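In this note's numbering, the protein residues as written are 24 to 545.
For every residue, glycine included, the Cβ atom is placed at its ideal position computed from N, Cα and C.
Quick caveat, the model's predicted, so the values are computed rather than measured.
Encoded as structure tokens, the structure appears first; notes follow it.
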Amino acid sequence: MHTEEEIIHVIGGELSRETPPSQTYYLTTPIYYINDKPHIGHAYTTILGDVLARYYRLIGYDVAYATGTDENSQKNVSAAIAAGREYDVALYLDEMSDLWKQTWKEMNITNTDFIRTTEERHLVAVLKFWTAVEKTGDIYKGTYSGWYCGGCEAFILESELENGENCAIHKKRVEKIEEENYFFRLTKYRTALLEYITLHPEFIEPDSRKHEIINYIKDHMVDMSISRQSATAGIPVPTDPKHRIYVWFDALINYLSVIGYGTDEKKFAHYWPVNMHLVGKDIIKFHCGLWPAMLMSAGLQLPKKVFAHGFFTIEGIKMSKSLGNAIDPLEVGKRFGNDVLRYFLLREITCGDDGDFSMKRLADRYQTDLGNELGNLVQRVMGMAEKYCGGRVPVIPLEQTQVRWKEYHEAIQALRFSSALDCVWEVVRNANKFIDAQKPWAIYNENPSAVILMMGHLLELLRQIAWLLVPIMPQSADKIFDQLGLTVSEELQRPYYEAIVWGGLKEGTHLKKGESMFPRLS
Ligand code: MSP
Numbered sequence: 024m025h026t027e028e029e030i031i032h033v034i035g036g037e038l039s040r041e042t043p044p045s046q047t048y049y050l051t052t053p054i055y056y057i058n059d060k061p062h063i064g065h066a067y068t069t070i071l072g073d074v075l076a077r078y079y080r081l082i083g084y085d086v087a088y089a090t091g092t093d094e095n096s097q098k099n100v101s102a103a104i105a106a107g108r109e110y111d112v113a114l115y116l117d118e119m120s121d122l123w124k125q126t127w128k129e130m131n132i133t134n135t136d137f138i139r140t141t142e143e144r145h146l147v148a149v150l151k152f153w154t155a156v157e158k159t160g161d162i163y164k165g166t167y168s169g170w171y172c173g174g175c176e177a178f179i180l181e182s183e184l185e186n187g188e189n190c191a192i193h194k195k196r197v198e199k200i201e202e203e204n205y206f207f208r209l210t211k212y213r214t215a216l217l218e219y220i221t222l223h224p225e226f227i228e229p230d231s232r233k234h235e236i237i238n239y240i241k242d243h244m245v246d247m248s249i250s251r252q253s254a255t256a257g258i259p260v261p262t263d264p265k266h267r268i269y270v271w272f273d274a275l276i277n278y279l280s281v282i283g284y285g286t287d288e289k290k291f292a293h294y295w296p297v298n299m300h301l302v303g304k305d306i307i308k309f310h311c312g313l314w315p316a317m318l319m320s321a322g323l324q325l326p327k328k329v330f331a332h333g334f335f336t337i338e339g340i341k342m343s344k345s346l347g348n349a350i351d352p353l354e355v356g357k358r359f360g361n362d363v364l365r366y367f368l369l370r371e372i373t374c375g376d377d378g379d380f381s382m383k384r385l386a387d388r389y390q391t392d393l394g395n396e397l398g399n400l401v402q403r404v405m406g407m408a409e410k411y412c413g414g415r416v417p418v419i420p421l422e423q424t425q426v427r428w429k430e431y432h433e434a435i436q437a438l439r440f441s442s443a444l445d446c447v448w449e450v451v452r453n454a455n456k457f458i459d460a461q462k463p464w465a466i467y468n469e470n471p472s473a474v475i476l477m478m479g480h481l482l483e484l485l486r487q488i489a490w491l492l493v494p495i496m497p498q499s500a501d502k503i504f505d506q507l508g509l510t511v512s513e514e515l516q517r518p519y520y521e522a523i524v525w526g527g528l529k530e531g532t533h534l535k536k537g538e539s540m541f542p543r544l545s
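As structure tokens, then:
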């Protein structure tokens, strides 16, 4: 076990215990298109964000965690039409965004806000932002002639096309567009962007993505068309309403409007600049090229970090609508529990790399890591404590088991969730091994006091495990606290650094042995 000083040292100046409680941590997910219901890929980003949100809240930060829906997209309109709702697009959007909102609720996601880009607060922000950029002289009128991919909602360079006609991501033909548009002087910010990236090595993560972005900024970035005349969806350009604002220009501004830009300047100043934009690797160019340039133009500070995670396939195959292989996160949650889905995604996919989602491997991990290891440990310790200690917490011995808190904190902060879980599972496995080796049941008759001491140790270890699990598997952590006779809300309200110190379990507390946490699958 590390001392308090060590923990403070680990967490570094920025996160020290003296950190005033008003220190903020603002993080975001992309706002999702709602032409369909959420799939496991969307859930992945949102779960990553939730782990971070819970973690930073736990260590004392004032966390704002924003997600939402990107509604001014032509593809949402097409989806409404396909659903026979062409006269009711607004209602369709209401229903769909509600579905997304509810999904995150059911999945136990602790977002602090949910922004829809059709909301008034967003329109106000976009108007303010457009005006600021226009004032800087960064918007001009020109003719756009080129390719557009409806799937990406993006303008595509001829050099980026596959076989000269297809979008490389969607494998679909792009459309030729020629119309008078408003342009954003993106190239004006080329040098400033490159400088920012060099001066802030932590801005783009993982590092492997940096080269892709630098290459794009240096060699491929051109001024961007930021309005469409042919679009039926979109926010009208304030000074020229027959144009509609390009959906990405509008969507990125959500990161400002959700914390009050244009509507609640005090709140905005409190949370901006954002600490972390979590995105998939598909949209990193928008977040590391266009977005910081837009912010520079509007005179706002730049994000501290954009973290791009990889994409995953389903049983080795790309997830796609036409293949119908998208996985509904709610169904996995219903069958196994939300925590199990979280555990699997964080354990199995190295955050930043591509990965694969397999139901078979999920079921395997459920049975081994969760059932045979964590679940079994809780079950047997609680069972023995009932038997040998009369269902009460005995004295907690001073001798401690080493918990790798230092590595755990470092890993979570670096989004190396699998390493963080290694730290937890090391404790779980060692505890199981200890029980197997010591065989308390075989020595109880001869030496009851040694067994009671062991129980005190193991029960406190369960409490430590629960604390390690709070950000990652919050419902499981609650269940362990509950079985230990702790009131979950009270335990979680304790100052973190006090709560994780060895010996927090009080002698004499009534234990509440519960059901098996990860029962065998039928
Ligand atoms: N609306 C834009 C984002 C605007 S943000 C200002 C958009 N939306 S989206 O609905 O297409 O969601 C994209 C995000 O979903 C990806 O960046 C990624 O976070 C997540 N994923 C979608 N498919 C995924 C996988 N197959 N694997 C992992 N994540 C995936 O783009």
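Remark: the C-beta of I138 is outside contact range of the ligand MSP, defined as less than 6 Å to any heavy atom.
Put simply, the region 431–440 does not touch the region 497–517. Fewer than three CB pairs are less than 8 Å apart. Considered as a whole, the region 401–475 harbours 428–436, 440–461 and 463–466 as its complete alpha helix (DSSP H) runs of no fewer than 4 residues, in chain order. Rounded to whole angstroms, the gap between the alpha carbons of D242 and L313 is 14 Å. In this structure, F334 keeps its C-beta atom at 7 Å or more from the C-beta atom of E228.
The count of Cβ pairs closer than 8 Å, one atom from the region 297–305 and one from the region 66–75, reaches three, so the stretches are in contact.
For L492, the Cβ stays outside the 6 Å cut-off from all heavy atoms of the ligand MSP.
Going by DSSP, P264 is part of the beta strand (DSSP E) stretching over D263 to I268. Burial is judged here by how many other beta carbons sit within 10 angstroms of a residue's own beta carbon; W464 has fewer than 16 and is exposed.
Under the three-pair Cβ rule at 8 Å, the region 165–179 counts as touching the region 191–205. Rounded to the nearest whole angstrom, the C-alpha separation of H234 and A473 is 59 Å. Within the region 307–364, complete alpha helix (DSSP H) segments of at least 4 residues are found at 314–321 and 352–359, given in chain order. For the ligand MSP, no non-hydrogen atom lies closer than 6 Å to the CB of L116. Your pair M130 and N361 checks out as a contact, with CB atoms roughly 5 Å apart and the cut at 8 Å. Bridge partners of N189 according to DSSP: E185 and R196. Per DSSP, M244 has no beta bridge partner at all. The region 484–524 contains, as complete alpha helix (DSSP H) runs of 4+ residues, the segments 497–506, 511–516 and 519–522 (chain order). The distance from the Cβ of V447 to that of L492 is about 6 Å, consistent with a contact at the 8 Å cut-off.
V156 carries a helical assignment under DSSP once its states are collapsed to helix, strand and coil. Per DSSP, the beta-bridge partners of C374 are D376. Residue state for T286 is assigned as coil, using DSSP reduced to three classes. In this structure the region 476–487 lies against the region 419–426, because at least three pairs of beta carbons, one per stretch, are closer than 8 Å.
For W127, the enclosing alpha helix (DSSP H) stretches over residues V112 to E129. D93 is bridged by DSSP to Y56.
Closest in C-alpha terms to K211, from the list I236, I458, R251 and A316, comes A316. Taken atom to atom, the span from the alpha-carbon of N470 to that of S442 is near 38 Å. Between the beta-carbon of V451 and that of L400 there is about 6 Å, and that keeps the pair under the 8 Å contact cut. Under the three-state reduction of DSSP, S539 is assigned to coil, being neither helix nor strand. Here L279 is buried, its C-beta having at least 16 other C-beta atoms within 10 Å. In the DSSP annotation of this structure, the continuous segment of the alpha helix (DSSP H) that includes H234 starts and ends at K233 to N238. Exclusion of I162 from the 6 Å shell around the ligand MSP follows from its C-beta lying no nearer than that to any non-hydrogen atom of the ligand.
Boundaries of the alpha helix (DSSP H) around V74: I63 to L81. Each residue's CA atom was taken as its position, placing K195 and R486 some 53 Å apart. The nearest non-hydrogen atom of the ligand MSP is 6 Å or more from the C-beta of Y205. I276: not part of any alpha helix (DSSP H); DSSP gives it neither H nor E.
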